[in-house]
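When we follow numbering that gives the first Met the number 0, the leftmost residue of the sequence shown carries the number 0, and every step to the right adds one. Structure record follows, encoded as structure tokens.
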Amino acid sequence: MLVLLQGCMTTSHPTARSGLGISTGSDAMEQRLEQPGPIRLESIDSADWQGPLSGMLNLDSPAAREAGLTDRSEPTHIYVYLLTHPKFGHYLIDTGVSETLLADPGKEGLNWLIRKVMHLDHMHIKTGTGEILQQADGELSGIFLSHLHLDHIMGMTDIPAHIPLYAGSAEPVQTGIKNFFTRNATDQLLEKMPPLQLWQFQPDPQHRFEGIMDVFGDGSLFVISVPGHTAGSTAFLIRTTHGPVLLSGDTCITRWGWEHATEPGDFTSDHAENLKNLQRLQALVARHPQIEVHLGHQP
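Below, the structure written as structure tokens:
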């Protein structure tokens, strides 16, 4: 039975190879950062939330132990990003939270156990996904998912069924016991959507990251493979009209984690990989201190 549970994949939703983006390297990416880009980016706080600090931060890390941190309920946020490219249109990065889902989570596949573990009674919508879609000046061209944890796809209820979805290549097939409890909900939230289009990463020639894709081929948006939190986790480096912006995804969830180079806790599947890729993102910002950093769930 344990073997069966461990072999449970994140989702059984269909997948396809993404035709969007071209493989590139960190040198080519970083050479672009001195100049502003064409993308307008809006950071939207979709919901306030609370959860256990032990999930968001590795309390067994040397830094956390030295600081004497203990588990507690930690304020957090559900962020979604509206990206507008002058040629390629509007995209979301992650999905926010649907008011329809939060009003009746059981109907959307989030059973009582998920609701309890996720502390959904502590989640309060500020800007629902439906409202975010109304704010977009035109139809969405696609959604880039940092990963497939439920708190990043809770806006799917409001997303039109034809919108393309993009995710890390290893994300759907990651196996683990936790998926036994979450896969049905993940599948139901994705059910109406087209196949997940999976990024086709190639090794970074400079070996600073696992892989990098130039999404539009014009050096304005880069998706970076940062496995660890999940097997297919991604971060995003965006050349906005105001300068470069890094979205860490859940490679770093908290402000304390970023300031003390500490990866997430129980919510992370591979601590060593997560920490390695957090350090890689921090090294990128150290090389280019003009980068504005947005973390997974805290400002």
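All residues carry an ideal CB built from backbone N, CA and C; glycine is no exception. If you're wondering where the values come from, they're calculated on a predicted model, not measured in any experiment.
Item, Value
"Taking only runs of the beta strand (DSSP E) that begin and end inside the segment 203-250, which ones reach a length of at least 3 residues, in chain order?", "211-213, 220-224, 233-239 and 242-246"
"Rounded to whole angstroms, what's the CA-CA distance from R114 to S42? Just pull it up for me.", "26 Å"
"Is it true that the CB of T83 sits closer than 7 Å to the CB of R39?", "yes"
"What residue range is occupied by the uninterrupted beta strand (DSSP E) comprising A160?", "Note, A160: premise wrong, no beta strand (DSSP E); not H, not E."
"Can you find the residues in the same chain that come closer than 7 Å, C-beta to C-beta, to Q49, ignoring five residues on each side of it along the sequence?", "S72, E73, P74, T75, H118 and H121"
"Could you give the DSSP three-state label for V172: helix, strand or coil?", "coil"
"Taking all protein chains shown into account, do 16 or more other C-beta atoms lie within 10 angstroms of the C-beta of N57, making it buried, or fewer, making it exposed?", "buried"
"How big is the Cα-Cα spacing for S17 and D157?", "23 Å"
"Would the segment 125-132 and the segment 104-111 be scored as touching if the rule is three or more Cβ pairs under 8 Å?", "no"
"Smallest Cα separation from E258: which of G242, T239, V222 and P298?", "P298"
"For H296, collect the residues of the same chain with a Cβ closer than 6 Å to its Cβ; drop the 5 residues on either side in sequence, then sort them by chain order.", "T75, H76 and I252"
"Where does V116 sit, in a helix, a strand or coil, going by DSSP?", "helix"
"Based on Cα-Cα distance, which residue from G248, D103, A62 and N276 lies nearest to V292?", "G248"
"If you compare alpha carbons, which of S53, S45, T250 and T267 is closest to A260?", "T250"
"Which first and last residues belong to the beta strand (DSSP E) in which Q34 is found?", "Q34 -> no beta strand (DSSP E), and no H or E assigned at all."
"Sorted by chain position, which residues of the same chain lie with C-beta nearer than 8 Å to C7's C-beta, five sequence neighbours on each side aside?", "T174, G175, I176, N178, F179 and R182"
"Would you give the residue range spanned by the alpha helix (DSSP H) that S53 belongs to?", "L52 to M55"
"Residues in its own chain within less than 7 Å of Q281 by CB, not counting five upstream and five downstream?", "A260"
"Looking at the secondary structure, which residues open and close the alpha helix (DSSP H) in which T128 lies?", "T128 to Q134"
"Find out if the Cβ-Cβ distance for the pair I152, L188 is shorter than 7 Å.", "yes"
"Measuring alpha carbon to alpha carbon, tell me which of A27, A15, T10 and P13 ends up nearest L220.", "A27"
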